[in-house]
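Worksheet: one structure, shown below.
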Amino acid sequence: MGMHESGNLGDIFPAGVDADKPALIVAHTPETATTITYGALQARSQAVARGLVRAGYGRGERIAILAANVEDYLATYLGTMLAGCVSVPVNWKLPEAALHHVLGDSDARMIFADSERLGSIPEGYATVAFGPDYEAFLDPGPFEAAPMGRDDVCMFLYTSGSTGNPKGVPLTHAGHMWVTDTRLKGAPDTGEHRALVAAPLYHMNALSTAKAVLAGGGTMVQLPVFTADAYIEAIARHRCSWLTSVPTMMALVTQRAELIRQRDVASVRVVRMGSAPATQGLFDAIRACFPGARITFGYGTTEAGPCVFGPHPEKKPLPDLALGYPMSDPVRLRLDGDAADNIGAGQPHEGELWMACPALMPGYHKLPAKTAEVMTADGLYRTGDVMRRDADGFYFFVGRVDDMFTCNGENVYPGEVEKVLENHPAVAQAALIPVPDDVRGNMPVAFVVKAADVDEDAVKQHALANAPAYMHPRRVWFLDELPLASTNKIDRKTLAAEAARRLAGA
Numbered sequence: 001m002g003m004h005e006s007g008n009l010g011d012i013f014p015a016g017v018d019a020d021k022p023a024l025i026v027a028h029t030p031e032t033a034t035t036i037t038y039g040a041l042q043a044r045s046q047a048v049a050r051g052l053v054r055a056g057y058g059r060g061e062r063i064a065i066l067a068a069n070v071e072d073y074l075a076t077y078l079g080t081m082l083a084g085c086v087s088v089p090v091n092w093k094l095p096e097a098a099l100h101h102v103l104g105d106s107d108a109r110m111i112f113a114d115s116e117r118l119g120s121i122p123e124g125y126a127t128v129a130f131g132p133d134y135e136a137f138l139d140p141g142p143f144e145a146a147p148m149g150r151d152d153v154c155m156f157l158y159t160s161g162s163t164g165n166p167k168g169v170p171l172t173h174a175g176h177m178w179v180t181d182t183r184l185k186g187a188p189d190t191g192e193h194r195a196l197v198a199a200p201l202y203h204m205n206a207l208s209t210a211k212a213v214l215a216g217g218g219t220m221v222q223l224p225v226f227t228a229d230a231y232i233e234a235i236a237r238h239r240c241s242w243l244t245s246v247p248t249m250m251a252l253v254t255q256r257a258e259l260i261r262q263r264d265v266a267s268v269r270v271v272r273m274g275s276a277p278a279t280q281g282l283f284d285a286i287r288a289c290f291p292g293a294r295i296t297f298g299y300g301t302t303e304a305g306p307c308v309f310g311p312h313p314e315k316k317p318l319p320d321l322a323l324g325y326p327m328s329d330p331v332r333l334r335l336d337g338d339a340a341d342n343i344g345a346g347q348p349h350e351g352e353l354w355m356a357c358p359a360l361m362p363g364y365h366k367l368p369a370k371t372a373e374v375m376t377a378d379g380l381y382r383t384g385d386v387m388r389r390d391a392d393g394f395y396f397f398v399g400r401v402d403d404m405f406t407c408n409g410e411n412v413y414p415g416e417v418e419k420v421l422e423n424h425p426a427v428a429q430a431a432l433i434p435v436p437d438d439v440r441g442n443m444p445v446a447f448v449v450k451a452a453d454v455d456e457d458a459v460k461q462h463a464l465a466n467a468p469a470y471m472h473p474r475r476v477w478f479l480d481e482l483p484l485a486s487t488n489k490i491d492r493k494t495l496a497a498e499a500a501r502r503l504a505g506a
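Last residue of the sequence shown: number 506 in the working numbering, and the count goes up by one each step with no gaps.
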């Protein structure tokens with residue numbers, strides 16, 4: 001039938017796509033991979049839907065997926081929605097208490113899990129393990145997608161929960177069909193691409209890309225988990241043309257420049273990053289490693305999806321680090337302090353981004369007070385992200401409102417200082433962390449991964465020469481690598497604890 005006829009996001013496969021074309025290539029190791037055609041993936045998702053209906057699960061019931069990027073993840077995700085149930089992809093890297101909170105808060109009726117995660121599921125949940133149990137659960141045969149209305153929820157995603165328990169974000173079929181359509185309008189050649197996805201499929205970044213690739217008739221190359229070497233090997237072996245990632249992942253990939261030079265990566269035409277800040281140094285490193293590629297830097301949130309900014313209406317070239325120009329209706333956005341929505345050229349400004357679009361959540365699950373905190377009176381979502389708009393109307397990410405701290409009475413955004421530090425040729429990555437200080441309020445300290453030999457004083461002097469003095473890190477510590485949180489972003493909580501430990505022992 002197709003998703004636009006049924007209103008069901010799970011019915012995503014495009015009409016007329018070659019059933020024998022690879023839809024998904026799961027790169028288990030550099031040497032082994034499983035290819036799943038469009039016909040096979042559609043049949044698999046329909047078998048999941050039939051299995052759910054046979055087992056008695058009905059419209060609106062929550063079905064969780066607790067697994068790494070296993071071979072049947074997408075079939076399970078799509079099949080759950082096809083049946084009219086609500087898919088709940090769960091962050092398997094969460095601490096046990098937070099994981100249990102997600103399962104309970106979402107009212108999950110059943111859980112699909114891989115073998116590594118089965119032991120973390122509390123008693124009392126119906127569970128199907130990927131493998132022989134999963135095969136027995138499937139009910140092969142045709143299935144007509146459950147028709148869904150405009151406001152029907154298709155999935156719950158949970159925020160990372162860096163402060164407090166993760167918050168449930170209900171998202172609708174109609175909203176994310178709009179996201180998929182909008183992404184395809186901006187990339188009409190999607191069907192020609194092989195897109196590499198290594199981010200976890202419980203994350204908006206990876207899920208949105210997967211749906212766009214499948215709806216556009218392209219091929220998705222999926223890594224079970226991200227490592228820089230596996231990512232590079234997958235590019236070369238599977239001739240990937242479209243790379244998707246968060247900036248931290250690309251920073252780790254470009255640090256393996258020698259391996260990249262030893263592999264044929266000429267197939268890469270697009271490098272798309274999002275979900276976290278990037279630096280000019282990273283853009284330069286990507287160009288050095290993938291000289292034929294166009295780099296795009298996207299923006300999105302779990303609560304409102306990834307379609308906010310687009311190309312300039314006068315076709316001005318997109319500057320490095322710019323997120324883009326505001327999309328027009330039905331997207332509404334403004335910066336705190338703006339007098340109108342969707343301001344473009346001619347009015348430079350900086351402030352928190354407020355926005356709305358068809359993909360905006362109806363509200364946090366079971367958290368009306370929290371929902372009220374983040375919504376304006378006229379229906380805009382307060383993203384918590386500080387943006388800068390330049391004279392041409394391009395928007396740039398400055399930092400998180402909740403990452404900002406004060407030092408000597410001045411506001412410091414860690415991302416801005418990290419960009420300065422990473423512009424030093426001997427700095428590969430940097431993370432700026434505040435630590436409490438009786439005199440300054442907070443004292444900036446930095447953790448740095450070296451690209452070449454450099455000492456603490458050189459890093460400090462570079463910061464002093466290129467940024468206001470109050471921003472410069474008073475201490476600099478060197479690490480072999482920065483710790484990553486479950487979203488493959490820098491784990492600032494772990495670094496803050498490490499900074500406190502080091503200062504206590506100083």
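Quick reminder that beta carbons are idealized off the backbone N, C-alpha and C, glycines included. Owing to the predicted nature of the structure, the values given are computational and were not obtained by experimental measurement.
Rounded to whole angstroms, what is the Cα-Cα separation between R237 and Q255?
20 Å
Distance between G186 and L323 (C-alpha atoms, nearest Å)
Cα to Cα, the separation comes out at about 14 Å.
Is it a yes or a no for the region 291-311 touching the region 418-428, going by three-plus beta-carbon pairs under 8 Å?
no
With three or more beta-carbon pairs closer than 8 Å as the criterion, would you say the region 47-64 touches the region 103-111?
yes
Burial state of G149, where buried means 16 or more other Cβ atoms lie within 10 Å:
Exposed, by the Cβ-count rule.
Rounded separation between A145 and L78 - CA only
10 Å
Check for me: the beta strand (DSSP E) holding V169 runs from which residue to which?
DSSP places V169 inside the beta strand (DSSP E), whose first and last residues are G168 to T172.
Measure the beta-carbon distance from V253 to M273 and round it to whole angstroms, keeping in mind my assumption that it falls under 8 Å.
Not really, about 11 Å apart at Cβ, beyond 8 Å.
Could you check the C-alpha separation between A340 and V86 for me, to the nearest Å?
36 Å
Please work out which residues of its chain come closer than 7 Å, Cβ to Cβ, to A499, disregarding the five sequence neighbours upstream and downstream, and give them in chain order.
I433, V435 and V445
For H4, name the three-state secondary structure that DSSP assigns.
helix
Contact belief for L214 with I12 at Cβ below 8 Å, rounded distance in angstroms:
Indeed they touch by this definition, with Cβ atoms about 5 Å apart.
Compute the Euclidean distance between the alpha carbons of G415 and A430, then round it to the nearest angstrom.
9 Å
In angstroms with no decimal places, state the Cα-to-Cα distance between L282 and A251.
Near 6 Å, if we compare the C-alpha coordinates of A251 and L282.
So if DSSP puts S486 in a beta bridge, which residue, or which two residues, is it bridged to?
Answer is none; S486 lacks a bridge partner.
Candidates P89, G56 and Y57, of which the one nearest D72 by Cα:
P89
I'd like to confirm the pairing. Which residues does DSSP put opposite S87 in its beta bridges?
I63 and M155
Which runs of the beta strand (DSSP E) at least 3 residues long sit entirely within the region 194-248? Give them in chain order.
194-197, 219-222 and 242-245
Put A126 into one of helix, strand or coil per three-state DSSP.
strand
Beta-carbon within less than 7 Å of T376's beta-carbon, same chain only, minus the 5 sequence neighbours each way: which residues are those?
So the list reads W354 and R382, once near-sequence residues are dropped.
Closest by CA to G17, which one among F447, R440, A198 and Q42?
Per the sequence shown, the amino acid found at residue 17 is Val instead of Gly. Per the Cα distances, Q42.
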